[in-house]
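A.B. asks:
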Amino acid sequence: PAHQRSPHVGDVPKPTRSDVVQVPNDHFDGQNSATFGMRYFVYDKHYRQGGPIFFYAGNEGPLESFYYNAGLPFDWAEEFGATILFAEHRYYGQSLPFGNDSFKKENLRLLQINQVLADYALFVTDFKAKQLKDTRAPVVVFGGSYGGMLAAWLRIKYANVFHMALAASAPIPQMYNLVSPTAFYQAITEDAAKSDARCPDATRQAFAAVIESFASVSGRATLSKSFSLCKPLQETDLSHFLQYARNAFTEMAMCDYPYPSTFLALLPANPIAVACQHIIANGTDGLAAAVGMPYSTGDGKCIDMFTAFVECADQTGCGTGDAAKAWDYQMCTEVIYEQFTNNVTDMFPPRKWTLADLRIYCASHYGTSPSLDFNRIALGGTDLRKVTSKIIFSNGDLDPWMPGGFLESQGPELPAVLVEGGAHHLDLRLANPLDPPGVLHARQQEKAFISRWLALLQGADDTQYV
């Protein structure tokens, strides 16, 4: 889902510089000279001459939400003498090709993966020449989730600019429809069972009770109160309500970190375990408490279910505000996957969302017909050892996106790293005393690959060819 909430600044240092660079609205139209300001942050306190650039490929949200939640490059910068660079994805945050008109239907056409990759390749090349004044500096690209996909694609597409990549929790096989559509919510259910074996059945029963209550006026009134909703539930709200409730579990599972976090929402440590305790102890009221966790603002105010959760093309949620509009469009053009719940392999009420459903939705909203055919060719496909090298694919075994990722090494220089006890790209986050041993081990492996690859590059640069 799109990342919205304001970041908790924590221990990631403020940028030493933030600026805007002009990039073409359309890299592939020679008759269009329009540009827009793409925002970027620099942190170069630890930079040493000849050191690498650690570039973070911004994804579907404002730049701050990634800068303050992807602390790994900061933990490594001093040792490597690296400059850290974060760039904001076009159509998110303040990087808007058509300003306030960017989300008009006719202006969304330049929200394309190939344009984003070109933004970043051009920017990093320009930054090396004009600001770093070191055109030979090696570049390590980092990214998580959709940003991890971008990191991998940057390495595949612009290997001359991006010399290696850490693609954390990047569900590329899922996007190519190579994974069961039930896998995502099955993974959430398995996370719940890990915290307490009784949790999946208790959750199924609580949802069944909710559906039963929806049938009567008094039942809906009781639910409106227990779920702290601002507007009384109507009979026609059932589908939205169930998606709203399911989306709470999506956010809690992705952010099932061993410490409190603010990445997608204000959440306690181990939110899935906390949610399960509520549900096992209090049934439907417990479900209400669990669902309220990611949506509540903590001030006792009621929740507007239609503002807090917006239905969209992405069954895992699009977030809210302008970022939700942009992500919805991307889901209707290039980032495509099916996701179902069936109440058998998962603990959620049955809901199918097929590619046919997606196409109907996208045709009515944007006049688009999402297709994977072009990107399967354009972005390197899935037989990666034939086309690329030096990409680390990491996945956490608590992450619902894990089944959608590369879980086995794709070749000698395309290692897969498992983060035991890790939710969504936990390895990219700042080191924390509460980190499980599995994430420490994963980061050690990742660092070893990057160190070795940087040394090889250094060696290649030092060789004199006569």
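According to the numbering used here, the residues represented by the sequence shown are 28 to 493, in order. Where is the CB? At the ideal position from N, CA and C, for every residue including glycine. Here the structure is a predicted model, which means the values were calculated and not measured.
Using only CA atoms, which one of 139, 145, 38, 72 lies nearest to residue 94?
C.D. replies: Counting from one through the sequence shown, the residue named residue 94 turns up at place 67. It is 38 whose Cα lies nearest to the Cα of residue 94.
A.B. asks: Here's the rule: buried if 16 or more other CB atoms are within 10 angstroms of the residue's CB, otherwise exposed. What is residue 127?
C.D. replies: Reading the sequence shown from its first residue, position 100 is the one you call residue 127. With fewer than 16 Cβ atoms within 10 Å of its Cβ, residue 127 is classed as exposed.
A.B. asks: Please state whether the Cβ-Cβ distance between residue 258 and residue 161 is less than 8 Å.
C.D. replies: Position 231 of the sequence shown, counted from the first residue, corresponds to residue 258. Position 134 of the sequence shown, counted from the first residue, corresponds to residue 161. Cβ atoms of residue 258 and residue 161: not closer than 8 Å.
A.B. asks: Could you tell me which residues DSSP pairs with residue 66 in its beta bridges?
C.D. replies: As a working note, residue 66 is residue 39 in the sequence shown. Looking at the DSSP assignment, residue 66 forms a beta bridge with 47.
A.B. asks: Counting along the chain, where does the alpha helix (DSSP H) carrying residue 420 start and finish?
C.D. replies: Taking the first residue of the sequence shown as 1, we reach residue 420 at position 393. Premise fails: residue 420 lies in the beta strand (DSSP E), 418-423, not in any alpha helix (DSSP H).
A.B. asks: Note down the Cα distance separating residue 234 from residue 90, rounded to an integer number of angstroms.
C.D. replies: The residue you call residue 234 lines up with position 207 of the sequence shown. The residue you call residue 90 lines up with position 63 of the sequence shown. Each residue's alpha carbon lies about 37 Å from the other.
A.B. asks: Pull the bridge partners of residue 83 from the DSSP assignment, please.
C.D. replies: Stepping through the sequence shown from its first residue, residue 83 is reached at position 56. For residue 83, which the question treats as bridged, DSSP gives the partners 113, 169.
A.B. asks: Between the Cα of residue 53 and those of 137, 467, 86, spot the shortest distance and give me the residue it belongs to.
C.D. replies: Locating residue 53 in the sequence shown gives position 26, where the first residue counts as 1. Out of 137, 467, 86, 137 has the C-alpha closest to the C-alpha of residue 53.
A.B. asks: Taking contact to mean 3 or more Cβ pairs, one atom from each stretch, closer than 8 Å, check whether the segment 47-61 and the segment 146-153 are in contact.
C.D. replies: Because the criterion of three Cβ pairs below 8 Å is met, the segment 47-61 and the segment 146-153 touch.
A.B. asks: Where does the unbroken alpha helix (DSSP H) through residue 275 begin, and where does it stop?
C.D. replies: Taking the first residue of the sequence shown as 1, we reach residue 275 at position 248. Its alpha helix (DSSP H) spans residues 265-281.
A.B. asks: Can you check which of these residues, 103, 121, 106, 115, is closest to residue 83 by C-alpha distance?
C.D. replies: Taking the first residue of the sequence shown as position 1, residue 83 is located at position 56. When only C-alpha atoms are compared, the closest one is 115.
A.B. asks: So, do the segment 395-412 and the segment 201-208 have three or more beta carbon pairs nearer to each other than 8 Å?
C.D. replies: Yes: at least three Cβ pairs fall under 8 Å.
A.B. asks: Going by CA-CA distance only, name the one from 393, 309, 66 that's closest to residue 226.
C.D. replies: Indexing the sequence shown from 1 puts residue 226 at position 199. Among 393, 309, 66, the Cα nearest to that of residue 226 belongs to 309.
A.B. asks: Kindly indicate which residue of 486, 338, 453 has the alpha-carbon position closest to the one of residue 473.
C.D. replies: Sequence index remark: in the sequence shown, residue 473 carries index 446 (1-based). When only C-alpha atoms are compared, the closest one is 453.
A.B. asks: Check whether the segment 176-186 and the segment 261-280 touch, using three or more Cβ-Cβ pairs below 8 Å as the test.
C.D. replies: Segments in contact, no.
A.B. asks: Count the C-beta pairs between the segment 182-192 and the segment 458-472 that are closer than 8 Å, then say yes if the count reaches three, no if not.
C.D. replies: The segment 182-192 is not in contact with the segment 458-472.
A.B. asks: Express the C-alpha separation of residue 322 and residue 333 in angstroms, rounding to a whole number.
C.D. replies: By one-based count along the sequence shown, residue 333 stands at place 306. By one-based count along the sequence shown, residue 322 stands at place 295. Approximately 11 Å between the Cα atoms of the pair.
A.B. asks: Starting from residue 195, follow its DSSP beta bridges and name the residues at the other end.
C.D. replies: Here residue 195 refers to the residue found at position 168 when the sequence shown is read from its first residue. Paired residue(s): 171, 421.
A.B. asks: List the residues that DSSP assigns as beta-bridge partners of residue 378.
C.D. replies: As a position in the sequence shown, residue 378 is number 351, starting the count at 1. Its beta-bridge partners are 368.
A.B. asks: Can you give the Cα-Cα distance for residue 130 and residue 67, rounded to whole angstroms?
C.D. replies: Position 103 of the sequence shown holds residue 130. Position 40 of the sequence shown holds residue 67. One C-alpha to the other measures close to 21 Å.
A.B. asks: Spatial neighbours of residue 385 within its chain, please: C-beta separation below 8 Å, excluding the five flanking residues on both sides.
C.D. replies: Numbered from its first residue, the sequence shown carries residue 385 at position 358. 340, 358, 359, 363, 365, 397, listed in sequence order.
A.B. asks: How would you label residue 303, buried or exposed, when you count the other beta carbons within 10 angstroms and need 16 or more for buried?
C.D. replies: Here residue 303 is taken as the residue at index 276 of the sequence shown, counted from 1. Buried: at least 16 other Cβ atoms inside 10 Å.
A.B. asks: Please work out which residues of its chain come closer than 8 Å, Cβ to Cβ, to residue 479, disregarding the five sequence neighbours upstream and downstream, and give them in chain order.
C.D. replies: By one-based count along the sequence shown, residue 479 stands at place 452. For residue 479, where only same-chain residues beyond five positions count, there are no Cβ hits under 8 Å.
A.B. asks: By the three-class DSSP mapping on this structure, what secondary structure does residue 61 have?
C.D. replies: As a working mapping, residue 61 is identified with position 34 in the sequence shown. Three-state result, residue 61: coil.
A.B. asks: If you count every other CB in all the chains shown that lies within 10 Å of the CB of residue 493, and 16 or more means buried, which is it?
C.D. replies: On the sequence shown, position 466 is the one that residue 493 refers to. Summary for residue 493: the model assigns pLDDT 44, below 50, so the residue's position carries little reliability; its value from the coordinates is reported in the next sentence. So residue 493 counts as exposed.
A.B. asks: Could you work out which residue in 59, 41, 351, 248 is closest to residue 111 when comparing CA atoms only?
C.D. replies: The residue you call residue 111 lines up with position 84 of the sequence shown. Among 59, 41, 351, 248, the Cα nearest to that of residue 111 belongs to 41.
A.B. asks: Would the beta-carbon of residue 277 fall within 8 Å of that of residue 374?
C.D. replies: By 1-based counting over the sequence shown, the position of residue 277 is 250. By 1-based counting over the sequence shown, the position of residue 374 is 347. Against a cut-off of 8 Å, the Cβ pair of residue 374 and residue 277 comes out as no contact.
A.B. asks: May I ask which residues mark the beginning and end of the beta strand (DSSP E) holding residue 443?
C.D. replies: To locate residue 443, count along the sequence shown from 1; it is residue 416. That run of the beta strand (DSSP E) goes 443-446.
A.B. asks: Under the DSSP definition of a beta bridge, which residues are partnered with residue 118?
C.D. replies: To locate residue 118, count along the sequence shown from 1; it is residue 91. None, per the DSSP bridge assignment.
A.B. asks: On the criterion of 16 or more Cβ atoms from any shown chain inside 10 Å, does residue 377 qualify as buried, or is it exposed?
C.D. replies: For this step, residue 377 is matched to residue 350 along the sequence shown. Residue 377 is exposed by the Cβ-count criterion.
A.B. asks: Taking 8 Å as the cut-off, decide whether the C-beta atoms of residue 279 and residue 146 are in contact.
C.D. replies: Within the sequence shown, numbered from 1, the residue matching residue 279 stands at position 252. Within the sequence shown, numbered from 1, the residue matching residue 146 stands at position 119. In this structure, residue 146 does not lie closer than 8 Å to residue 279 by Cβ.
A.B. asks: Using CA coordinates, which residue listed in 449, 388, 325, 269 is at the minimum distance from residue 285?
C.D. replies: Sequence index remark: in the sequence shown, residue 285 carries index 258 (1-based). Nearest option by C-alpha distance: 449.
A.B. asks: Quick check on residue 399: does DSSP put it in helix, strand or coil?
C.D. replies: Counting from one through the sequence shown, the residue named residue 399 turns up at place 372. Coil.
A.B. asks: With contact counted as at least three CB pairs below 8 Å, one residue from each stretch, are the segment 431-451 and the segment 280-300 in contact?
C.D. replies: They touch, by the three-pair rule.
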